[in-house]
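K.L.:
There are 6 protein chains.
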Amino acid sequence: DVVARVSGISTMAKLPFQETAEGLDAAFIGVPIDTGTSNRPGARFGPRQIRSESIMLRACNSATGAAPYESLMVADIGDVNVNMYDLKDTCRRIREAYCKVVKTGCIPLTMGGDHTISYPILQAVAERHGPVGLIHVDAHSDTGDVYLGEKIGHGSPFRRCVEEGLLDCKRVVQIGLRGTGYSPDNYAWSRAQGFRVVQVEECWHKSLVPLMAEVRRQIGSGPVYLSFDIDGLDPAFAPGTGTPEIGGLTPIQGLEIIRGCRGLNLVGCDLVEVSPPYDTTGNTALTAANLLFEMMCVLPKIKYYD
Amino acid sequence: DVVARVSGISTMAKLPFQETAEGLDAAFIGVPIDTGTSNRPGARFGPRQIRSESIMLRACNSATGAAPYESLMVADIGDVNVNMYDLKDTCRRIREAYCKVVKTGCIPLTMGGDHTISYPILQAVAERHGPVGLIHVDAHSDTGDVYLGEKIGHGSPFRRCVEEGLLDCKRVVQIGLRGTGYSPDNYAWSRAQGFRVVQVEECWHKSLVPLMAEVRRQIGSGPVYLSFDIDGLDPAFAPGTGTPEIGGLTPIQGLEIIRGCRGLNLVGCDLVEVSPPYDTTGNTALTAANLLFEMMCVLPKIKYYD
Amino acid sequence: DVVARVSGISTMAKLPFQETAEGLDAAFIGVPIDTGTSNRPGARFGPRQIRSESIMLRACNSATGAAPYESLMVADIGDVNVNMYDLKDTCRRIREAYCKVVKTGCIPLTMGGDHTISYPILQAVAERHGPVGLIHVDAHSDTGDVYLGEKIGHGSPFRRCVEEGLLDCKRVVQIGLRGTGYSPDNYAWSRAQGFRVVQVEECWHKSLVPLMAEVRRQIGSGPVYLSFDIDGLDPAFAPGTGTPEIGGLTPIQGLEIIRGCRGLNLVGCDLVEVSPPYDTTGNTALTAANLLFEMMCVLPKIKYYD
Amino acid sequence: DVVARVSGISTMAKLPFQETAEGLDAAFIGVPIDTGTSNRPGARFGPRQIRSESIMLRACNSATGAAPYESLMVADIGDVNVNMYDLKDTCRRIREAYCKVVKTGCIPLTMGGDHTISYPILQAVAERHGPVGLIHVDAHSDTGDVYLGEKIGHGSPFRRCVEEGLLDCKRVVQIGLRGTGYSPDNYAWSRAQGFRVVQVEECWHKSLVPLMAEVRRQIGSGPVYLSFDIDGLDPAFAPGTGTPEIGGLTPIQGLEIIRGCRGLNLVGCDLVEVSPPYDTTGNTALTAANLLFEMMCVLPKIKYYD
Amino acid sequence: DVVARVSGISTMAKLPFQETAEGLDAAFIGVPIDTGTSNRPGARFGPRQIRSESIMLRACNSATGAAPYESLMVADIGDVNVNMYDLKDTCRRIREAYCKVVKTGCIPLTMGGDHTISYPILQAVAERHGPVGLIHVDAHSDTGDVYLGEKIGHGSPFRRCVEEGLLDCKRVVQIGLRGTGYSPDNYAWSRAQGFRVVQVEECWHKSLVPLMAEVRRQIGSGPVYLSFDIDGLDPAFAPGTGTPEIGGLTPIQGLEIIRGCRGLNLVGCDLVEVSPPYDTTGNTALTAANLLFEMMCVLPKIKYYD
Amino acid sequence: DVVARVSGISTMAKLPFQETAEGLDAAFIGVPIDTGTSNRPGARFGPRQIRSESIMLRACNSATGAAPYESLMVADIGDVNVNMYDLKDTCRRIREAYCKVVKTGCIPLTMGGDHTISYPILQAVAERHGPVGLIHVDAHSDTGDVYLGEKIGHGSPFRRCVEEGLLDCKRVVQIGLRGTGYSPDNYAWSRAQGFRVVQVEECWHKSLVPLMAEVRRQIGSGPVYLSFDIDGLDPAFAPGTGTPEIGGLTPIQGLEIIRGCRGLNLVGCDLVEVSPPYDTTGNTALTAANLLFEMMCVLPKIKYYD
Ligand SMILES: [Mn+2]
Ligand SMILES: [Mn+2]
Ligand SMILES: [Mn+2]
Ligand SMILES: [Mn+2]
Ligand SMILES: [Mn+2]
Ligand SMILES: [Mn+2]
Ligand SMILES: [Mn+2]
Ligand SMILES: [Mn+2]
Ligand SMILES: [Mn+2]
Ligand SMILES: [Mn+2]
Ligand SMILES: [Mn+2]
Ligand SMILES: [Mn+2]
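Residue numbers (the numbering used here), protein chains in the order written: chain F, 84 to 389; chain S, 84 to 389; chain C, 84 to 389; chain X, 84 to 389; chain V, 84 to 389; chain D, 84 to 389.
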């Protein structure tokens with residue numbers, strides 16, 4: 084170290100900041116909203132807190148040997164300028180911002196924000212890549228239809244995506260689902276679309292390395308998007324989130340999922356639902372920062388020393 | 084005490100809960116939103132936390148001799164069923180709910196929620212009483228026009244009220260205004276409408292008893308609404324709020340303002356912008372609970388032992 | 084959802100509140116004390132906080148297919164009116180209150196409060212059902228004799244129960260015991276009564292599904308009471324408690340224990356020792372709310388879609 | 084400094100610890116209970132936290148020139164061994180412990196613990212000195228009779244003292260009283276005994292130096308006890324307490340009260356109701372530590388450089 | 084607003100970031116250290132947290148009419164690259180960094196960091212301007228000689244400055260001093276140098292506007308530096324600091340001091356000792372951000388609309 | 084219990100305090116520094132907080148049957164008098180203090196403090212015992228060379244030890260290493276010295292009992308030192324630390340490691356990097372207290388009832 088870790092303007096992983104995605108292979112982008120949240124808000128400060136807690140991220144991955152900056156040009160390109168007072172307009176703004184990013188060929192690594200944002204991001208991603216596969220880690224299926232009369236919110240992004248043909252439904256897997264539901268067969272709709280649903284009980288007491296081998300077979304070589312709701316993790320590990328559910332995944336399993344994506348054709352990733360006001364130690368944001376770093380480490384063309 | 088203070092379902096001041104305003108002289112009502120907030124959210128949990136921290140409120144006011152329950156029928160009538168995902172629809176729901184309350188003659192004592200809610204509440208109040216006077220305690224004038232392209236939010240309710248003729252502008256006073264602004268003469272619009280603007284600097288190091296004598300003369304005997312943004316108080320006393328500004332009023336001054344309303348024709352009161360995630364000790368909610376109790380103690384027809 | 088989750092007076096799982104157990108199959112009851120606590124207090128606010136954090140509990144259990152409200156009439160019947168200043172008198176009040184509840188045939192689901200309360204609750208339960216089996220999840224055996232000269236406190240309820248013949252000692256199991264003790268053979272007394280003692284080391288790195296099969300054989304078809312001290316869980320998952328001990332059970336194991344009670348003749352359940360002042364994120368109360376919901380889902384006569 | 088402030092076993096003001104009061108002019112003593120508390124508990128950890136936050140207390144008082152250790156032998160003599168499970172037995176233990184302390188001639192400086200403790204302490208003090216004057220700083224009069232059927236608790240110590248003739252009622256003053264009450268004339272009983280009652284409204288916006296001149300005249304040269312409930316201060320300055328009330332005294336006024344006791348015949352002092360679980364920054368305990376230091380600085384025979 | 088306040092990379096007051104002071108009239112600079120701290124550390128995160136909490140700072144000062152950006156070019160130039168492991172080397176790095184800044188004519192507005200940093204900053208300032216006047220707001224005089232054998236630390240910067248002739252001692256004022264000390268005449272050394280010492284007791288219950296008129300006369304037209312230790316404020320308003328002392332200044336008095344500097348020849352300002360780990364609500368950093376904004380508003384050549 | 088757990092001056096495990104190691108078989112010692120820390124400070128308060136949270140530690144180990152006080156004389160001998168302002172001088176002070184301790188034959192059980200301290204402690208230990216084996220539990224290898232130009236800090240103690248010949252490199256094992264690094268082969272230096280490196284991935288989903296059997300064979304019968312950085316544990320279990328890394332060991336594995344040291348010739352142990360400002364519930368310190376108790380339970384000559 085020649086610069087003290089605690090010193091300097093806060094960007095993701097102490098990367099350079101630039102205004103646009105021009106010239107980048109991948110970019111960290113913040114989407115600071117929480118107006119799609121049903122319970123505890125605060126995810127609007129997710130990007131800021133993830134940046135703050137990312138200062139210890141060094142250049143290489145000790146476990147996998149990945150040296151991402153040797154292969155890719157990466158920067159932090161700041162936040163989407165959201166509309167705090169109108170969620171639907173915010174979705175429009177996100178879609179337009181991401182269309183600009185993905186059209187340069189840059190892979191977006193998103194710091195949320197509540198899960199609503201995956202819907203307009205996937206609109207942009209599918210506009211470029213066509214219907215994509217999806218690896219969705221979450222406590223919730225996020226496939227609701229209407230809440231309080233509304234179709235847009237953090238409980239329904241993936242139903243909206245299916246309705247608009249953005250997903251290649253046979254290449255969708257949802258991992259970590261659990262908790263109470265409005266009906267006894269809470270995941271029937273997902274299964275009816277052809278999604279693979281991995282309820283959290285299937286994951287308990289286990290390594291997810293074998294699961295990910297299956298997932299890689301399911302996803303194949305087509306474009307795939309990784310959407311990681313931090314509430315997929317157990318609240319002991321990620322208390323700073325809006326709708327925690329007990330009995331969740333461990334960060335170890337989270338790492339196995341992400342590292343298990345190595346070799347896939349990832350075209351975008353997000354890490355959503357970090358709510359700093361409920362993250363009393365900063366460690367939820369720290370976890371998110373590390374998971375985003377690991378996502379970068381499995382992007383196509385990464386160089387490994389292993 | 085024959086019932087332990089900590090025991091029982093949580094209602095405001097341990098009052099009975101009932102579903103509607105029927106038969107009540109005054110009612111505590113919650114409006115649990117924060118989707119009109121520009122910075123820190125969390126005010127959606129204001130009503131819940133105010134109820135929790137209200138359990139020590141006994142029946143009488145030691146300072147003023149008010150014994151409100153000897154004169155008035157009061158209950159907690161629960162929360163408005165807001166739409167978390169659409170702020171404009173939420174405003175419609177609030178207006179409709181308050182029209183039902185005020186048409187029974189019941190005086191609403193509102194537990195916010197962010198300051199956006201005063202706009203639809205005043206729509207309902209003015210529908211019954213015509214344009215009303217306003218005593219507005221706040222760090223901010225809340226008379227902005229458009230933010231991020233939007234006209235509805237917690238920075239603009241009173242401009243909307245003026246545009247719709249809900250306020251009797253000569254009978255409006257704003258107390259405690261301060262902080263930075265978008266232009267050097269930040270309160271020009273308020274003054275242009277005929278509002279009295281009392282910047283916080285006029286309040287420093289002083290009792291507000293003399294000010295309130297002037298305010299009572301300004302307001303006269305017509306109907307008047309009291310809107311108290313907890314951020315009018317200094318953040319040392321009310322840290323749990325969304326847009327704190329330093330150099331604010333003390334709770335002592337807050338009590339002087341409310342007690343100074345004795346004798347006015349109050350037709351409604353609100354206490355807004357309590358954000359529990361930032362209220363690390365619960366004392367902002369406790370302050371709010373006490374201020375709401377004091378508001379009840381100055382409603383018309385209250386019996387005093389003094 | 085047609086009502087916003089954050090809206091409304093706080094009852095357990097948003098259930099209706101009623102004053103008595105009349106007409107109910109099961110009832111959630113709060114016992115807000117902590118005056119039996121040896122170290123950190125705060126459990127008096129357990130019932131209030133569990134109710135607050137229960138608002139996301141929907142009607143059905145996604146994992147087990149249980150739809151409890153299709154089979155049972157359930158309500159929140161508020162709190163026992165405890166005596167904050169005299170623990171022995173509090174015990175009398177609890178016993179009397181529970182005698183009224185159980186005599187209607189209603190099954191009590193208790194939100195504690197410190198573990199002292201299980202003693203008077205079991206007095207009431209045994210008065211109706213005779214000596215009962217006990218599934219006791221805890222870091223501590225709670226079978227001490229005298230502390231500081233006193234026989235009543237949270238370290239000794241189950242010794243008192245044995246002395247009064249309230250337990251069918253061959254049908255008692257204690258799970259999760261650990262930590263330091265006053266003598267090297269800390270659980271000798273329990274074993275001497277015929278209890279099965281499952282020290283936490285037997286549970287490490289394992290599913291508890293096999294253990295629960297054994298427990299069901301041990302308990303058989305007679306009446307059994309489930310007493311779950313949240314400190315049975317590891318403090319990472321349940322920091323908000325009075326006497327945390329490291330190396331504890333996971334919530335996954337907690338769920339396996341409760342779900343493993345399906346088919347037993349449960350006559351009452353409690354979840355005790357949630358201390359909100361030490362529950363900095365609310366997630367201990369959230370865990371407790373979920374565990375109580377799961378307990379309801381294994382009561383006799385519950386309908387399952389599985 | 085030759086020893087780092089943060090280094091060493093924690094005693095009050097880094098004073099030596101000794102087991103008894105032998106040879107001391109004054110002694111700091113802890114009474115770690117909260118079982119007399121009506122609302123938020125936690126004061127059992129008051130002594131420990133006050134000691135922790137006292138490490139910055141240097142030897143001299145910059146404002147008054149007092150150099151207490153040049154005149155007096157002072158030590159920390161640890162805590163009374165209370166009974167956590169029986170409040171009445173705890174009172175007996177406190178009285179006996181303090182009888183031993185005061186009979187040596189040592190002046191006790193007590194770190195509470197809830198306000199219940201002043202009753203048995205005053206039993207011991209009056210046994211030695213006869214009925215004493217009392218300077219009582221508090222938000223509450225603590226002169227209730229019976230709560231939940233009980234006569235012992237933190238709401239009633241001074242009524243018990245009067246009943247037992249421990250106080251010289253004409254030489255009693257209560258400062259800072261406020262908040263809601265069970266009847267409109269909340270302080271009638273105090274006034275009927277001959278106490279001077281200074282409601283907090285008399286203190287607002289003012290130095291208390293003139294008040295203390297009057298108090299010194301009222302108290303005269305007889306023995307007097309100072310009992311300071313930290314909730315006499317406003318919750319902004321002392322959030323870490325069990326029953327906060329808004330509109331309270333400032334620490335500046337607290338210092339004026341204590342410094343205004345210079346010249347009185349103080350025979351004991353206590354600082355009660357510090358509740359660390361609600362003291363999120365440690366500053367309530369820090370305030371208490373400073374107020375206790377200031378109390379020591381006005382004991383009889385202190386040397387001043389002024 | 085056309086950009087959401089919560090959106091974007093975090094710089095002071097949402098100003099542009101640039102690497103050097105070239106072309107700037109004033110610059111915000113962070114110095115992220117706390118290794119000179121005697122008690123609670125954490126000030127190393129002061130600059131980061133002040134930036135985070137500065138996002139609500141709009142362009143103009145509502146109270147004074149200052150529109151700083153109409154007169155001055157200002158930017159955030161990031162942090163000094165400190166040596167976390169050697170305090171003396173850190174001082175050298177700070178001095179060198181500030182020499183570069185001040186030689187461009189740019190006025191540094193420093194975000195600390197502990198108070199040690201004022202010593203090397205004043206070395207750089209005096210190298211350009213010669214001995215300067217000093218307005219020093221603090222609970223402590225910071226004029227100690229040696230602590231634990233060391234001459235460099237946050238308790239001694241101004242003694243080092245005097246020894247090196249960096250201060251024009253007749254033009255030094257220290258405001259807000261208080262607390263305990265190592266000797267009864269704690270401020271004798273300051274007075275012996277010719278400093279004016281304003282103990283906090285002189286400030287209680289008062290506006291500081293008259294004091295600042297005197298200070299302006301004392302300081303005259305020569306170059307003057309403003310050093311504001313956040314612990315000069317009372318801990319209720321600024322809990323997030325390392326060595327809080329009770330009975331302090333209010334933010335209102337802090338604003339009066341800074342606004343009272345209008346017209347002086349300010350050549351640099353710092354705001355030090357903000358310790359985020361102890362700033363549980365963020366409001367200490369928010370206060371610091373506002374005070375720094377107010378400092379900018381009184382720099383020479385600022386345009387006012389008043 | 085005849086003394087209330089919450090009562091009394093705070094020493095480790097409520098042991099007696101004595102000034103020196105004379106007559107002791109083992110001693111708990113605090114080293115309150117954090118000036119060697121790269122990111123979050125606060126470890127200077129580790130010893131104080133560990134003592135506070137140790138009050139529930141009873142005399143015997145329920146799991147292993149160890150009754151340490153039947154075999155060994157143990158006391159708390161307070162803290163090393165560190166120099167807060169000079170890390171290198173602090174190292175000298177630690178070494179000298181430990182030389183005195185170890186020369187009496189007393190085994191030091193250290194409460195840190197940041198990991199820098201293991202270097203001077205090992206200087207003292209090796210001076211008595213010659214090069215020692217090392218069991219090092221940590222997220223980090225702490226074998227860096229130079230950071231910010233400095234050789235002393237918490238990232239490099241074990242490289243310094245190797246350079247000075249303090250370690251028997253074939254008898255060194257590092258367990259739990261993980262996170263990002265400056266190069267892809269982050270542990271090459273350790274392996275080059277002959278250390279066994281157990282990356283955390285080898286530990287996932289497993290009991291460490293088999294690993295410890297191997298470790299005991301590696302270590303043999305020679306003197307060995309145990310250095311346990313609390314960040315070896317996952318941040319969910321130990322949030323209160325300076326440089327947390329996700330995917331860590333569980334406390335169960337920590338217990339397996341320590342209990343697996345039974346039979347080794349332990350000549351000293353430390354538990355470092357507990358940072359109370361980030362330990363929002365106190366449970367990191369509680370974990371540390373328990374791990375230190377367990378270390379005492381595996382010292383040579385301990386009596387077991389098993
Ligand atoms: Mn989601
Ligand atoms: Mn989710
Ligand atoms: Mn407002
Ligand atoms: Mn406002
Ligand atoms: Mn228990
Ligand atoms: Mn227990
Ligand atoms: Mn009291
Ligand atoms: Mn009180
Ligand atoms: Mn200073
Ligand atoms: Mn200072
Ligand atoms: Mn380490
Ligand atoms: Mn480490």
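Ideal Cβ placement from N, Cα and C applies to all residues, glycine included.
Around the Cβ of F/Pro99, are there at least 16 other Cβ atoms within 10 angstroms (buried) or fewer (exposed)?
P.N.:
Sequence index remark: in the first sequence, residue 99 of chain F carries index 16 (1-based). Exposed, by the Cβ-count rule.
K.L.:
To the nearest angstrom, how far is the alpha carbon of C/Phe128 from that of C/Pro359?
P.N.:
Mapped onto the third sequence, residue 128 of chain C falls at position 45. Mapped onto the third sequence, residue 359 of chain C falls at position 276. Computed Cα separation, rounded: 6 Å.
K.L.:
With 16 other CB atoms within 10 Å as the buried threshold, where does X/Tyr181 fall?
P.N.:
For the purposes of this step, residue 181 of chain X is taken as the residue at position 98 of the fourth sequence. Flag for X/Tyr181 reads buried.
K.L.:
Going along the chain, which residues of the stretch 242-268 of chain C sit with their C-beta nearer than 9 Å to a C-beta in chain D?
P.N.:
Leu260, Arg261, Gly262, Thr263, Gly264, Tyr265, Ser266, Pro267 and Asp268
K.L.:
What residues in its chain sit with their C-beta under 7 Å from that of V/Asp197, if we drop five residues either side in the sequence?
P.N.:
In the fifth sequence, the residue the question calls residue 197 of chain V occupies position 114. Excluding positions up to five away in sequence, the list reads Ile116, Asp117, Gly119, Thr120, Ala126, His237, Gly325, Val355 and Glu356.
K.L.:
By Cβ distance below 6 Å, which residues in the same chain neighbour S/Gln132 in space, the five residues on each side in sequence not counted?
P.N.:
Along the second sequence, read from residue 1 onward, the residue named residue 132 of chain S stands at position 49. The residues are Pro359 and Ala368.
K.L.:
Select from F/Asp317, F/Arg274 and F/Val283 the residue whose C-alpha is nearest the C-alpha of F/Arg242.
P.N.:
The residue given as residue 242 of chain F occupies position 159 in the first sequence. Taking only the C-alpha atoms, the option nearest F/Arg242 is F/Arg274.
K.L.:
Give a yes or no on whether the minimum CB-CB distance between F/Thr226 and chain C is below 8 Å.
P.N.:
Taking the first sequence and counting its residues from 1, the one referred to as residue 226 of chain F is at position 143. Taking 8 Å as the CB threshold, F/Thr226 stays off the interface with chain C.
K.L.:
Closest to F/Leu291 by CA distance: which of F/Glu246, F/Gly259, F/Ala222 and F/Gly330 is it?
P.N.:
Taking the first sequence and counting its residues from 1, one reaches residue 291 of chain F at position 208. Cα-wise, what sits closest to F/Leu291 is F/Gly259.
K.L.:
Nearer than 7 Å: is that true of the beta carbon of F/Glu328 relative to any heavy atom of ligand 1?
P.N.:
Within the first sequence, the letter at position 245 stands for residue 328 of chain F. No, ligand 1 has no heavy atom inside 7 Å of this Cβ.
K.L.:
In chain C, which residues lie with their C-beta within 9 Å of the C-beta of S/Ile133?
P.N.:
If you number the second sequence from 1, residue 133 of chain S lands on position 50. Within chain C, no residue comes near S/Ile133; the closest Cβ sits about 12 Å away, beyond 9 Å.
K.L.:
Would you say F/Ser65 reaches chain D, if we count a Cβ-Cβ gap shorter than 8 Å as a contact?
P.N.:
Nothing can be reported for residue 65 of chain F: it is not among the residues displayed for chain F, which extend from 84 to 389.
K.L.:
Measuring from the CB of V/Glu377, is there a heavy atom of ligand 11 at a distance below 7 Å?
P.N.:
Start at 1 with the first residue of the fifth sequence, and residue 377 of chain V comes out as number 294. False, no ligand heavy atom lies under 7 Å from that Cβ.
K.L.:
Could you list the residues in the stretch 90-124 of chain X with a C-beta less than 8 Å from some C-beta on chain C, going in chain order?
P.N.:
Asp117, Thr118, Gly119, Thr120, Ser121, Arg123 and Pro124
K.L.:
Check whether the Cβ atoms of V/Asp353 and V/Gly195 sit closer than 8 Å, and answer yes or no.
P.N.:
Start at 1 with the first residue of the fifth sequence, and residue 353 of chain V comes out as number 270. Start at 1 with the first residue of the fifth sequence, and residue 195 of chain V comes out as number 112. A contact, by the Cβ cut-off of 8 Å.
K.L.:
Among X/Ala142, X/Arg300 and X/Glu285, which residue has its Cα nearest to the Cα of X/Lys253?
P.N.:
Taking the first residue of the fourth sequence as 1, we reach residue 253 of chain X at position 170. Taking only the C-alpha atoms, the option nearest X/Lys253 is X/Arg300.
K.L.:
Cβ of C/Glu356 versus every heavy atom of ligand 5: is any distance shorter than 7 Å?
P.N.:
Residue 356 of chain C sits at position 273 when you count from the first residue of the third sequence. It does: the Cβ of C/Glu356 is within 7 Å (strictly closer) of some heavy atom of ligand 5.
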